[in-house]
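Each residue of the sequence shown is one higher than the last, beginning at 23 in this note's numbering.
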Amino acid sequence: MSALLWILLPLIVAAGSALLSFYIMQAKLEVAVAKEREAMAEVSAALKHAEKMTEEKVRTAEETTLRRAFDQFLADFRVEERHYMRENKTVFANRKSLILQERLYFRTVPLSNWIEHEMVVEEGTDAQALAAQASVFNTRSLSIDEVRQNARLLKGGQSQAARTA
Numbered sequence: 023m024s025a026l027l028w029i030l031l032p033l034i035v036a037a038g039s040a041l042l043s044f045y046i047m048q049a050k051l052e053v054a055v056a057k058e059r060e061a062m063a064e065v066s067a068a069l070k071h072a073e074k075m076t077e078e079k080v081r082t083a084e085e086t087t088l089r090r091a092f093d094q095f096l097a098d099f100r101v102e103e104r105h106y107m108r109e110n111k112t113v114f115a116n117r118k119s120l121i122l123q124e125r126l127y128f129r130t131v132p133l134s135n136w137i138e139h140e141m142v143v144e145e146g147t148d149a150q151a152l153a154a155q156a157s158v159f160n161t162r163s164l165s166i167d168e169v170r171q172n173a174r175l176l177k178g179g180q181s182q183a184a185r186t187a
């Protein structure tokens, strides 16, 4: 029995060592796989972030390009303006009028006919300011009172339409 024990003991030790080494290698393999997965997740996150940034940069570049193109397009529009004074002399009155004529151009192509405004000029008024106020193509901003008045008119029109409907 002792001979059998001496024969089996090295086999049992070898099997135990093999089993222990198998579990140690399995643990090392799991650690290595976990590190690889972690590295892969970091690379994947960095790739997704770079992809999003690239998409945002492309979108921003497109918007900038479109804005520049639109600004260049609008820069090609211009208004030709001319004005002169006209005096109408009658027996009883002498009336001065400022005649303002405007025309819209795209590059060198006229887009509209001459639009003419006649404004009666009183003594002591500024003709240039009067011409700027009467301009059709001028981009003057509305005052707060004008905005409120327009809002009231719109509300009144909506309530009128609701009553008739």
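Even for Gly, the Cβ is constructed at its ideal location relative to N, Cα and C.
- L126: member of the beta strand (DSSP E) spanning N116 to F128, first to last residue.
- Only residues of its own chain outside the window of five on either side were considered, and among them F128 have a CB closer than 6 Å to the CB of F99, listed in chain order.
- Per DSSP, reduced to three states, the secondary structure at M107 is strand.
- When only Cα atoms are considered, W28 and L42 end up about 21 Å apart.
- For L133 against L126, the beta-carbon gap comes to about 5 Å, under 8 Å, which counts as contact.
- The alpha carbon of Y106 has as its nearest neighbour, out of F44, V142 and T82, the alpha carbon of V142.
- Taken through DSSP and simplified to helix, strand or coil, M23 comes out as coil.
- For the 7 Å CB-CB criterion, E140 and S119 form a contact.
- Here the C-alpha atom of K57 lies approximately 17 Å from the C-alpha atom of I46.
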